[in-house]
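**Student:** Residues are numbered in the working numbering as their position in the sequence shown, beginning at 1, plus a constant of 1339.
Cβ coordinates follow ideal geometry from the N, Cα and C atoms, glycine included.
Since we're looking at a predicted model, the values are computed, not measured.
Below you will find the structure I want to go over with you.
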Amino acid sequence: MARLSLLPLSILSAGLAMLAAALPQAASAQSRTYAVQGDCGGRPRLEVGMAPGYCMGRVWQRTGSEGPRMPRTLFRLADDDWLVADLGSWDAGRGAIWRMRVGADGTVGWTRLLGGLSMPHTMARGPDGRIYVAEMSRIFVLDPERPNATTAVVSDLPDNRLHENRHPLSAFVFEADGALLVNVGAPSDRCVDGRGRPNRDARGQCAERAEQAMVRRYAYLGNGRWSPEWTPYATGLRNSVAMVRHRSGAVYQGENSVDLNTPERPFDEINRLKSGADYGWPYCTDMATALPGWTAAEARCGRRLSPVSLLPPHAAPLAMLYYDGAMFPELRGRMLMTWHGHRRAAGRIAAIEVDAEGAPLTDRPARYAIYPRGSMPYPADAPAPRAKVLTPGWNAVRGTRPQGSPVGMAVAGDGAIWVADDRAAAVLRIARD
């Protein structure tokens, strides 16, 4: 069984110090502004390299004080009327929900419906037709016409403040029977102490797993009410911000794997979530690789439910949906994913072919593209997604574009794909070229 290794702590510390010193200079040198040239379906066209037949237009990018600081997810109310979840920052109480109205001439107007939220993220329509929003420690009902009259339906999620707990974002999907499947991220990267040694309990296992690093299930009681008691649905999951339910009923998750100090390992994952299954955090990653600090015997990789597909290392999948629009019939039914990470394989939107249950079709062997050019191999015996990358040229180019940081997606009434880029504070639109 393979093992991953780390650099010596002294070398890693020196490298981090150099990186920290260089950050202000890099930030000033690299603009987050998108240059535009030409037209993309009635929107200013961005100079982003797209797959043939596609273009990306700018709906809005923040230049002053109006609008969201970190737009993360989109929810369509009507063709020209949207909700946007604004993370605000990685500090509690600075998030907001905005209403975005797009005029016939392309102008964008903003109304802040709710402020003072803690890292709001997922927005979805529930089995009762109402709109539900997840912030750090609760899920609540939002009526856009009466935004101050919020009602919490789940209020016992951990208060996972960043730097105290590692993964603060809540996310959810509804099962076919209305039950809520809710992400509770792992409290650390990989369950180690300050010296890089496993944080073991008395049984020799990770001491951090009791109520986190899992997807919880809250049973639906009907009439917009959920049970206050939850059960573990799927465990051993580091961070399930990206989840989607296929019309067949199958639920899939995009796993953000641990942050080792190498760009080529570990691979991120697509998992099919099954009740009672364990997916290996913090012991295993990839198909059967023991993480540093845990022996092969401790990791017990053979007992976990393996991924249905790997993803490029550090891709950081943050959103998944099945495309059902009219503009791109060649994409209909495919799983769209945003790869948000800042490393060389990320900054992409992929359209993955799937089977009748929504599972990715895969290839062996396979390669994934990296920026600025070239490709890298997946493990020879590992499943890799059969995908069309819609944004093959979204790397940073000075004066032209930043590297893409796509988060949430939504399909408009005309079938265009709308995307939030949180680092550039932009709302973008993929249309037929």
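(1) Please classify Thr1570: is it buried, with 16 or more other beta-carbons within 10 angstroms of its beta-carbon, or exposed?
(2) With a Cβ-Cβ cutoff of 8 Å, do Arg1411 and Val1746 count as a contact?
(3) Tell me Ser1648's beta-bridge partners as DSSP assigns them.
(4) Roughly how many angstroms lie between the CA atoms of Leu1494 and Pro1391, to the nearest whole one?
(5) Which whole-angstrom value describes the C-beta separation of Leu1453 and Ala1435, a residue pair presumed to lie in contact below a C-beta threshold of 8 Å?
(6) With 16 as the cutoff for other CB atoms within 10 Å, does Asn1499 come out buried or exposed?
(7) According to the Cβ coordinates, are Tyr1393 and Arg1740 closer than 8 Å?
(8) Can you list, in chain order, the residues of its chain with a C-beta nearer than 6 Å to that of Asp1420? Leave out the 5 residues immediately preceding and following it.
(9) Where does the unbroken beta strand (DSSP E) through Glu1474 begin, and where does it stop?
(10) Could you give the first and the last residue of the continuous beta strand (DSSP E) run that contains Glu1568?
(11) Can you check which of these residues, His1653, Glu1608, Arg1604, is closest to Leu1630 by C-alpha distance?
(12) My output table needs one value for Glu1386: the three-state DSSP class, helix, strand or coil.
(13) Where Leu1508 and Gly1524 are concerned, what is the direct C-alpha to C-alpha distance, given to the nearest angstrom?
(14) Quick check on DSSP: helix, strand or coil for Glu1405?
(15) To the nearest angstrom, how far is it from the Cα of Pro1459 to the Cα of Val1447?
(16) With 16 other CB atoms within 10 Å as the buried threshold, where does Gly1455 fall?
(17) Three or more C-beta pairs under 8 Å: does that hold for the stretch 1540–1552 against the stretch 1586–1593?
(18) Skipping 5 residues on each side, what residues in its chain have a beta carbon closer than 6 Å to that of Pro1651?
(19) Please report the straight-line C-alpha distance between Asp1702 and Tyr1710, rounded to a whole angstrom.
(20) Could you tell me whether the Cβ atoms of Tyr1622 and Glu1637 are closer together than 8 Å?
(21) For Leu1560, is the classification buried or exposed, using 16 other Cβ atoms within 10 angstroms of its Cβ as the cut-off for buried?
(22) Per DSSP, Trp1757 is paired with what?
(23) Could you check the C-alpha separation between Pro1656 and Asn1595 for me, to the nearest Å?
(24) Rounded to a whole number of angstroms, what is the C-alpha to C-alpha distance between Pro1383 and Leu1767?
(25) Assign Gln1376 to buried or exposed, taking buried as 16 or more other Cβ atoms, counted over all protein chains shown, within 10 Å of its Cβ.
(26) For Arg1809, count the other beta carbons within 10 Å of its own beta carbon; 16 or more makes it buried, fewer makes it exposed. Which is it?
(27) Quick check on Pro1716: does DSSP put it in helix, strand or coil?
(28) Name, in chain order, the residues that DSSP records as bridge partners for Tyr1559.
(29) Look up Leu1519 in the DSSP assignment and say whether it is helix, strand or coil.
(30) Just to confirm, does Gly1517 get its C-beta within under 7 Å of one of the non-hydrogen atoms of the ligand NAP?
(31) Got a sec? Which residues, its chain only, sit under 8 Å from Leu1700 by beta carbon, not counting five neighbours each side?
(32) By Cβ distance, which residues of its chain are closer than 8 Å to Gly1732, with the 5 residues on each side in sequence left out?
**Tutor:** On the basis of the data shown:
(1) In the sequence shown, the residue the question calls residue 1570 occupies position 231. It is exposed - the Cβ of Thr1570 has fewer than 16 other Cβ atoms within 10 Å.
(2) Mapped onto the sequence shown, residue 1411 falls at position 72. Mapped onto the sequence shown, residue 1746 falls at position 407. A contact, by the Cβ cut-off of 8 Å.
(3) In the sequence shown, counting from the first residue as 1, residue 1648 sits at position 309. Ile1609, per the DSSP bridge assignment.
(4) In the sequence shown, the residue the question calls residue 1494 occupies position 155. In the sequence shown, the residue the question calls residue 1391 occupies position 52. In the sequence on display, residue 1494 carries Ser and not Leu. Rounded to whole angstroms, Ser1494 to Pro1391 spans 46 Å at the Cα level.
(5) Within the sequence shown, residue 1453 is the residue found at index 114, counting from 1. Within the sequence shown, residue 1435 is the residue found at index 96, counting from 1. Contact flag correct, Cβ pair sits at about 6 Å.
(6) One-based indexing of the sequence shown puts residue 1499 at position 160. With 16 or more other Cβ atoms within 10 Å, it is buried.
(7) Translated into positions along the sequence shown, residue 1393 becomes position 54. Translated into positions along the sequence shown, residue 1740 becomes position 401. Not in contact: Tyr1393 and Arg1740 (Cβ atoms no closer than 8 Å).
(8) For this step, residue 1420 is matched to residue 81 along the sequence shown. If we look at Asp1420 and ignore the five residues flanking it on each side, its Cβ neighbours are Arg1440.
(9) Taking the first residue of the sequence shown as position 1, residue 1474 is located at position 135. From DSSP, the beta strand (DSSP E) with Glu1474 extends over 1470–1474.
(10) Locating residue 1568 in the sequence shown gives position 229, counting from the first residue. Taken as a continuous stretch (DSSP letters only), the beta strand (DSSP E) holding Glu1568 covers 1564–1574.
(11) Translated into positions along the sequence shown, residue 1630 becomes position 291. Closest by alpha carbon: Arg1604.
(12) Here the question's residue 1386 lines up with position 47 in the sequence shown. In the structure shown, Glu1386 sits in coil (DSSP, three-state: anything other than H, G, I, E or B).
(13) Locating residue 1508 in the sequence shown gives position 169, counting from the first residue. Locating residue 1524 in the sequence shown gives position 185, counting from the first residue. When rounded, the distance between both Cα atoms is 7 Å.
(14) Here the question's residue 1405 lines up with position 66 in the sequence shown. Glu1405: coil per DSSP, three-state reduction.
(15) In the sequence shown, counting from the first residue as 1, residue 1459 sits at position 120. In the sequence shown, counting from the first residue as 1, residue 1447 sits at position 108. Each residue's Cα considered, the two are about 22 Å apart.
(16) Residue numbering aside, residue 1455 sits at position 116 when the sequence shown is read from its first letter. It counts as exposed.
(17) no
(18) The residue given as residue 1651 occupies position 312 in the sequence shown. Cβ neighbours of Pro1651 beyond the five flanking positions: Ala1684, Tyr1707.
(19) Taking the sequence shown and counting its residues from 1, the one referred to as residue 1702 is at position 363. Taking the sequence shown and counting its residues from 1, the one referred to as residue 1710 is at position 371. For Asp1702 and Tyr1710, the distance between alpha carbons rounds to 22 Å.
(20) Indexing the sequence shown from 1 puts residue 1622 at position 283. Indexing the sequence shown from 1 puts residue 1637 at position 298. Yes. Within cutoff.
(21) On the sequence shown, residue 1560 is found 221 positions in, with the first residue counted as 1. So Leu1560 counts as exposed.
(22) As a first step, residue 1757 must be located in the sequence shown, where it is residue number 418. According to DSSP, which records beta bridges pairwise, Trp1757 is partnered with Ala1749, Arg1768.
(23) If you number the sequence shown from 1, residue 1656 lands on position 317. If you number the sequence shown from 1, residue 1595 lands on position 256. Between Pro1656 and Asn1595, the C-alpha separation is close to 7 Å.
(24) Along the sequence shown, one-based indexing puts residue 1383 at 44. Along the sequence shown, one-based indexing puts residue 1767 at 428. Distance between the alpha carbons of Pro1383 and Leu1767 is about 10 Å.
(25) Taking the sequence shown and counting its residues from 1, the one referred to as residue 1376 is at position 37. Counting Cβ neighbours within 10 Å, Gln1376 comes out exposed, since fewer than 16 surround it.
(26) Not covered by the structure: residue 1809. The range shown for the chain is 1340 to 1772.
(27) As a position in the sequence shown, residue 1716 is number 377, starting the count at 1. Note: Pro1716 maps to strand in three-state DSSP.
(28) The residue labelled residue 1559 in the question sits at position 220 within the sequence shown. Trp1565, per the DSSP bridge assignment.
(29) Numbered from its first residue, the sequence shown carries residue 1519 at position 180. Note: Leu1519 maps to strand in three-state DSSP.
(30) What this structure holds is no ligand at all, so the ligand NAP is not there to describe.
(31) Indexing the sequence shown from 1 puts residue 1700 at position 361. Result list for Leu1700: Ile1691, Glu1692, Val1693, Asp1694, Pro1724, Arg1725, in chain order.
(32) One-based indexing of the sequence shown puts residue 1732 at position 393. Correct list, in chain order: Val1387, Gly1388, Met1389.
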